Amino acid sequence: MTQIIALAGSLRSQSYNKNLVKIAAKGAEEQGALVVYVDLADYPIPLFSEDLEAEGTPAAVNDLKHLFAGSQGILLASPEYNGSISGVLKNVIDWLSRPSQGIDIGSAFDGKVAGIMAASPGGLGGLRGLGHVRDVLNNLGTIVSPKQIAVPAAYEAFNEGGELVDAELGQRVNALGAQIASMASRLNDQ
Ligand SMILES: Cc1cc2nc3c(=O)[nH]c(=O)nc-3n(C[C@H](O)[C@H](O)[C@H](O)COP(=O)(O)O)c2cc1C
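Each residue of the sequence shown is one higher than the one before, counting from 6 in the numbering used here.
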């Protein structure tokens, strides 16, 4: 079965980006994929240091890397911090890009397909950061869909249930999740 990993680059409990990626995840599930939703707040991952790495990869990193390694697709919602990728997300990607126990170095990202999205209170919806997220993932060998989504004015974009108020936008996010599931499924068949 095709497995998709879905996560947001935020630790915040009320994160807009967590809401957003869950909508895309639903689209992937409707397409028949098994979606593993990851809340990074459940993974106590220290700031990357090669000294720390030399002492042994932290268990939380290994656990996450196994989940990535077993997935063919990635759905990623990244908050925009200072026009770029959030520090939390970059730190996790840096750890996952390193060798760890029993898993190949490139197994988290290389050859996977990804759908990227962002939500922000600002007018551009985190669009500027998405270019940086795309570059980082491309550098790691991930094929990133051109159909990225940025949700502006996030403080009024979601209802109490975490759904997008704009149904047409919600449908586009759902369709991105479905597209990644479909592309990942074709990769899985090869
Ligand atoms: C350090 C910092 C830098 C930020 N920089 C930007 C920015 O450049 N552009 C933007 O649209 N929002 C920026 N924001 C606001 C975030 O988009 C906002 O906090 C958002 O809710 C974070 O995503 P989350 O809700 O998923 O946690 C910044 C927030 C922080 C804490």
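Glycine included, each C-beta is placed from N, C-alpha and C at the ideal position. Because the structure is a prediction, the values reported are computed rather than measured.
Checklist entry - Per DSSP, which one or two residues make a beta bridge with residue 1? => result The structure shown does not extend to residue 1, since the chain spans only 6 to 195, so no value can be given for it.
Checklist entry - Which runs of the beta strand (DSSP E) spanning at least 3 residues fall entirely within the stretch 74-109, listed in chain order? => result 78-82
Item to check | CB-CB length for residue 162 against residue 124, believed under 8 angstroms | outcome: 7 angstroms
Checklist entry - Three or more C-beta pairs closer than 8 angstroms, one from the stretch 10-24 and one from the stretch 44-53: is that the case here? => result yes
Next on the checklist: So, under 8 angstroms CB-CB, residue 131 and residue 84 are touching, yes? Tell me the CB distance rounded to an integer number of Å.
Outcome noted: 6 angstroms
Checklist entry - So who's on the other strand from residue 149, going by DSSP bridges? => result 119
Next on the checklist: Given this structure, state the Cα-to-Cα distance separating residue 74 from residue 164, to the nearest angstrom.
Outcome noted: 34 angstroms
Item to check | Span separating the alpha-carbon of residue 112 from that of residue 53 | outcome: 19 angstroms
Next on the checklist: Looking only at its chain, what residues have a beta carbon closer than 6 angstroms to the beta carbon of residue 138, apart from the 5 residues adjacent to it on each side?
Outcome noted: 83, 90 and 121
Next on the checklist: So if DSSP puts residue 155 in a beta bridge, which residue, or which two residues, is it bridged to?
Outcome noted: 123
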